[in-house]
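Peer 1: Here it is, the structure, as structure tokens.
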Amino acid sequence: MMAAGDVLGSWAFYAGWAFMIAGCGFFATAALGLLRFPDLYSRLHAVTKTDTLGLGLLTLGLALLDPSWRSCLMLLLIWLLVMASGAVNCQLLARYNLEQEEEDNHRVS
Amino acid sequence: MNTLPLVTAIELYLTLGIAVFLLSLHGLMTLHDPIRRLIAVNLMGAGTFLVMVSLARRSEVPDPVLHALVVTGLVVAISATAFALRLIIAATKADRRGGKPEP
Amino acid sequence: MSPELLPDLTLILLLLIMAWGALYAPQRSDAMTLFIAFGVVVALIWARLDAPDLALAEAAIGAGLTGVLLMHAARALPDELHRRNRTATYWGALAFAVVATLMFLAHLLTDDSLLNAGLLDGETDMTPRLRSLADATMGDSGVEHPVTAVLLNFRAWDTLLELLVLLFALSGLRQLFPRESAPDDHATSRWPESLALMAAWARVLAPLLVVTGGYLLWRGSSAPGGAFQAGSLLAAAAVMLRLTGLLPPLRWSSVWLRLAVVAGALFFLTVAAITGIWGEGWLTYPAAYSGLLIISIEIFATLSIAITLSLLVIGEWEDLRS
Amino acid sequence: MIWLASLILLTALAGIWRMTHAATIADRLLGLQVLSTTGIAFLLLLAQWQSNAVWRDVALVLALLAAVITVALVQMLRKRS
Chain A
3 MMAAGDVLGS WAFYAGWAFM IAGCGFFATA ALGLLRFPDL YSRLHAVTKT
53 DTLGLGLLTL GLALLDPSWR SCLMLLLIWL LVMASGAVNC QLLARYNLEQ
103 EEEDNHRVS
Chain B
2 MNTLPLVTAI ELYLTLGIAV FLLSLHGLMT LHDPIRRLIA VNLMGAGTFL
52 VMVSLARRSE VPDPVLHALV VTGLVVAISA TAFALRLIIA ATKADRRGGK
102 PEP
Chain C
48 MSPELLPDLT LILLLLIMAW GALYAPQRSD AMTLFIAFGV VVALIWARLD
98 APDLALAEAA IGAGLTGVLL MHAARALPDE LHRRNRTATY WGALAFAVVA
148 TLMFLAHLLT DDSLLNAGLL DGETDMTPRL RSLADATMGD SGVEHPVTAV
198 LLNFRAWDTL LELLVLLFAL SGLRQLFPRE SAPDDHATSR WPESLALMAA
248 WARVLAPLLV VTGGYLLWRG SSAPGGAFQA GSLLAAAAVM LRLTGLLPPL
298 RWSSVWLRLA VVAGALFFLT VAAITGIWGE GWLTYPAAYS GLLIISIEIF
348 ATLSIAITLS LLVIGEWEDL RS
Chain D
29 MIWLASLILL TALAGIWRMT HAATIADRLL GLQVLSTTGI AFLLLLAQWQ
79 SNAVWRDVAL VLALLAAVIT VALVQMLRKR S
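Order-wise, the sequence lines are chains A, B, C and D.
First residue of the first sequence? That's 3 in this note's numbering, and the numbers climb one at a time after it.
First residue of the second sequence? That's 2 in this note's numbering, and the numbers climb one at a time after it.
First residue of the third sequence? That's 48 in this note's numbering, and the numbers climb one at a time after it.
First residue of the fourth sequence? That's 29 in this note's numbering, and the numbers climb one at a time after it.
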């Protein structure tokens with residue numbers, strides 16, 4: 003961790019921790035949103051923030067703490083995957099819900 | 002800093018495994034829906050695996066023999082689940098076609 | 048109590064809620080979703096208990112394939128066969144589990160014989176001795192990772208039987224389909240047209256799954272991973288492609304499919320026979336070829352496991368009987 | 029690190045609450061997604077904390093399977109007619 007000189011090392015250390023704590027803060031807000039938001043679409047909005055920003059900040063912090071290229075590559079891959087999957091899932095769930103609602107309306111009328 | 006506090010965490014997980022086993026045993030005995038019963042059997046398996054793996058964790062380096070046994074257990078569990086599900090479907094279809102429905 | 052235990056306690060709480068919900072959730076689809084979540088939490092617990100092989104297998108099987116399997120079967124069933132869960136059973140279950148667990152704990156804490164027998168101390172009873180035996184002979188086994196070595200070498204019989212269990216399950220499954228297709232079977236096996244986004248995403252995801260599976264297989268000899276984990280990732284890819292309509296039915300009539308299903312067991316048996324007849328004994332690998340043999344067995348086993356698992360999970364009449 | 033891991037797992041509890049008190053199936057799948065994201069974050073923290081890179085592989089597998097299962101379940105649950 004301190005390989006690149008003391009100043010840079012401690013800088014990366016503190017920045018990494020700051021990013022990680024910020025990321026965890028986003029996780030907490032997502033939990034809050036999940037609990038408090040009234041309907042599915044706004045909840046989807048809250049959760050997608052966790053997938054992109056929360057996990058992004060967390061992986062950035064972890065990458066600063068452990069800057070070997072292998073772990074950075076892995077973290078980047080996981081982050082990209084989770085971000086893409088979060089975006090796609092959000093779309094899929096919203097469309098699925100719309101479909102169901104439409105069908106229910108159809109059945110009622 | 003990097004190791005589990007050995008005794009306590011392992012005892013916790015051991016107890017958890019037993020609790021899950023007993024809970025799902027009760028579920029198996031009282032539930033009626035076949036899919037739920039199947040889930041209960043699977044949960045019993047998971048409880049057993051928890052006990053085995055926490056036993057394997059007692060020594061500093063976990064015991065590979067027990068881990069390998071649990072991997073085998075996972076294979077058997079999913080095969081049995083797939084087969085049981087098909088049996089349930091076949092039984093339901095037979096009921097619907099001609100046989101009397103279950104009381 | 049040390050703060051070290053905090054994540055463990057949270058995980059335990061999560062798992063208990065999941066188990067409870069998977070058993071007693073009011074709707075069946077709730078119960079199945081919670082069962083999938085149970086798999087995710089169990090994978091995290093394996094990570095806490097230092098069992099990476101299990102965490103990988105559980106993440107692929109418990110959190111993935113089992114859920115798809117249950118949902119797939121639930122489609123073919125009427126909504127819920129019986130609705131007789133009264134509140135009384137909940138309290139009964141709670142009381143039963145709590146009392147029995149407390150009794151076990153009391154036994155554990157008061158009865159010194161268990162502690163004296165070394166149940167919780169480790170290194171004094173039989174299994175650690177087995178482990179040290181495995182460690183001591185591992186240099187001869189041809190691979191470096193202990194779990195793979197155990198699975199493929201010292202307990203080769205076990206892996207063979209594992210492949211055979213999958214084969215038996217598949218052949219049992221085939222018997223449950225009628226020889227002739229009933230008209231309503233076709234209706235259940237057809238999936239709705241997939242959304243364009245879904246198909247595009249599946250096209251991105253499938254190669255990633257295959258590459259990761261290959262990676263797990265390749266590193267299985269020196270680190271956690273191996274045939275079963277790799278095979279289940281490949282099966283997940285096949286299941287996803289099949290569901291989104293990107294893969295045609297697998298067709299049991301194809302010779303290649305049948306060959307792929309039996310390839311793992313067949314190759315393993317051939318090796319066993321060859322070592323039994325010309326070598327030093329059944330499944331005692333000659334030292335020079337040990338590594339090579341194990342890797343090729345793993346490759347064939349992965350192929351068989353992937354195909355068999357995907358047939359088990361989403362096999363329909365047209366996959367298995369035509 | 030351990031406090032962060034615990035905090036993240038507590039987020040998962042919110043996911044569970046959403047899953048058990050869900051109005052629709054989509055809500056339940058959303059709760060599942062939250063749970064797997066928190067699981068991935070927990071595994072990444074664990075990898076750093078115990079300096080063992082294998083948990084990153086587990087996190088990758090979990091991320092892949094979480095993506096697969098949402099696709100599969102949505103496809104299976106769509107219009108049952």
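Where is the CB? At the ideal position from N, CA and C, for every residue including glycine.
Please check the pair residue 68(B) and residue 100(C), which I expect to be a contact at CB under 8 Å, by giving their CB distance rounded to whole angstroms.
Peer 2: Yes, residue 68(B) and residue 100(C) are in contact; Cβ-Cβ is about 6 Å, under 8 Å.
Peer 1: Checking 9 Å against the spacing of the C-beta atoms, do residue 242(C) and residue 37(D) come in under that value?
Peer 2: Cβ atoms of residue 242(C) and residue 37(D): not closer than 9 Å.
Peer 1: Please state if the CB of residue 68(A) and the CB of residue 61(D) are separated by a distance shorter than 9 Å.
Peer 2: Against a cut-off of 9 Å, the Cβ pair of residue 68(A) and residue 61(D) comes out as no contact.
Peer 1: With 16 as the cutoff for other CB atoms within 10 Å, does residue 176(C) come out buried or exposed?
Peer 2: Summary for residue 176(C): the model assigns pLDDT 47, below 50, so the residue's position carries little reliability; its value from the coordinates is reported in the next sentence. Exposed.
Peer 1: Just how far apart, CA to CA, sit residue 55(D) and residue 364(C)?
Peer 2: Rounded to the nearest angstrom, the two C-alpha atoms are 33 Å apart.
Peer 1: So residue 96(D) and residue 111(C) are in contact, right, with Cβ under 8 Å, and what is the actual spacing, rounded?
Peer 2: Contact holds; Cβ gap of about 6 Å.
Peer 1: Does chain A have any CB closer than 9 Å to the CB of residue 79(C)?
Peer 2: It does not: the Cβ of residue 79(C) has no partner Cβ on chain A nearer than 9 Å.
Peer 1: For the segment 45-53 of chain B and the segment 18-31 of chain B, state whether three or more C-beta atom pairs, one from each stretch, are separated by less than 8 Å.
Peer 2: Yes: the two stretches touch, three or more of their Cβ pairs being nearer than 8 Å.
Peer 1: Please state whether DSSP places residue 82(C) in a helix, a strand or coil.
Peer 2: Note: residue 82(C) maps to helix in three-state DSSP.
Peer 1: What number of angstroms, rounded off, separates the C-alpha of residue 352(C) from the C-alpha of residue 74(C)?
Peer 2: Going from the Cα of residue 352(C) to the Cα of residue 74(C) covers about 33 Å.
Peer 1: Using a Cβ cut-off of 9 Å, pull out every chain A residue sitting near residue 265(C), in sequence order please.
Peer 2: Those do not exist, as residue 265(C) stays about 15 Å from chain A at its closest Cβ, beyond 9 Å.
Peer 1: Looking at C-alpha atoms only, which residue of 80(D), 105(D), 94(D), 49(D) is the closest neighbour of residue 66(D)?
Peer 2: The option with the nearest alpha carbon to residue 66(D) is 94(D).
Peer 1: Check the C-beta distance from residue 64(A) over to residue 95(A) and give it rounded, since I have them as a contact under 8 Å.
Peer 2: About 28 Å; that fails the 8 Å criterion.
Peer 1: So which residues of chain C does residue 46(B) contact, with C-beta pairs closer than 7 Å?
Peer 2: Going along chain C, no residue has its Cβ under 7 Å from residue 46(B), so there is no contact; the nearest lies around 10 Å.
Peer 1: Taking the beta carbon of residue 105(C) as the centre, do at least 16 other beta carbons fall within 10 Å, making it buried, or is it exposed?
Peer 2: When all chains shown are included, residue 105(C) counts as buried.
Peer 1: What does the alpha-carbon distance come out to for the pair residue 51(A) and residue 64(D)?
Peer 2: Going by the C-alpha atoms only, they are around 15 Å apart.
Peer 1: Any C-beta of chain D sitting closer than 9 Å to the C-beta of residue 357(C)?
Peer 2: It does not: the Cβ of residue 357(C) has no partner Cβ on chain D nearer than 9 Å.
Peer 1: On a CA-only basis, which of 24(A), 108(A), 103(A), 20(A) is nearest residue 55(A)? Give me that one, please.
Peer 2: Residue 55(A) has its Cα closest to that of 24(A), out of 24(A), 108(A), 103(A), 20(A).
Peer 1: Kindly indicate which three-state DSSP category residue 325(C) falls into: helix, strand or coil?
Peer 2: Coil, per DSSP.
Peer 1: Alpha carbon to alpha carbon, how far is residue 63(C) from residue 100(A)? Give it in angstroms, no decimals.
Peer 2: Roughly 33 Å between the two C-alpha positions.
Peer 1: Under a CB-based cut-off of 9 Å, is residue 102(A) close to chain C?
Peer 2: Output row for residue 102(A): interface = no.
Peer 1: Which of the three DSSP states, helix, strand or coil, is assigned to residue 54(C)?
Peer 2: If DSSP states are grouped into helix, strand and coil, residue 54(C) belongs with the helices.
Peer 1: Of all the beta strand (DSSP E) runs that stay within the bounds of the segment 15-54 of chain A, which reach a length of 3 or more residues?
Peer 2: Segments of the beta strand (DSSP E) lying fully in the segment 15-54 of chain A: there are none.
Peer 1: My understanding is that residue 294(C) touches residue 366(C), with C-beta atoms under 8 Å, so please give their C-beta distance in whole angstroms.
Peer 2: About 10 Å separates the two Cβ atoms, so there is no contact after all.
Peer 1: With a threshold of 9 Å between beta-carbons, can residue 83(A) be considered close to chain C, or not?
Peer 2: Yes, residue 83(A) counts as interfacial toward chain C.
Peer 1: Does DSSP classify residue 241(C) as helix, strand or coil?
Peer 2: Looking at residue 241(C) - three-state DSSP - the assignment turns out to be coil, as it is neither helix nor strand.
Peer 1: How many Å lie between residue 70(D) and residue 123(C) at the Cα?
Peer 2: About 37 Å.
Peer 1: Applying a beta-carbon distance threshold of less than 8 Å, which residues of chain B neighbour residue 151(C)?
Peer 2: Near residue 151(C) (Cβ distances below 8 Å), the residues of chain B are 16, 19.
Peer 1: Contact between the segment 280-295 of chain C and the segment 254-267 of chain C is defined here as three or more beta-carbon pairs at a separation below 8 Å; is this criterion met?
Peer 2: In short, these stretches touch, since the Cβ pair count reaches three.
Peer 1: Since residue 105(D) and residue 73(D) should fall inside the 8 Å C-beta cutoff, what is the C-beta to C-beta distance between them, to a whole number of angstroms?
Peer 2: With 8 Å as the limit, residue 105(D) and residue 73(D) do not qualify as a contact, their Cβ atoms being about 33 Å apart.
Peer 1: Leaving out five residues before and five after residue 42(D) in sequence, what residues of the same chain have Cβ atoms less than 8 Å from its Cβ?
Peer 2: Here the set comprises 62.
Peer 1: Could you tell me whether the segment 247-256 of chain C touches the segment 334-352 of chain C, using the rule of 3 or more Cβ pairs below 8 Å?
Peer 2: No, the segment 247-256 of chain C is not in contact with the segment 334-352 of chain C.
Peer 1: Does the separation of the CB atoms of residue 276(C) and residue 107(C) fall below 9 Å?
Peer 2: A contact, by the Cβ cut-off of 9 Å.
Peer 1: Taking 7 Å as the limit between beta carbons, can you name the residues of its chain near residue 90(C), skipping five residues before and five after?
Peer 2: Once the five neighbours on either side are set aside, the close Cβ partners of residue 90(C) are 102, 105, 106, 109, 110.
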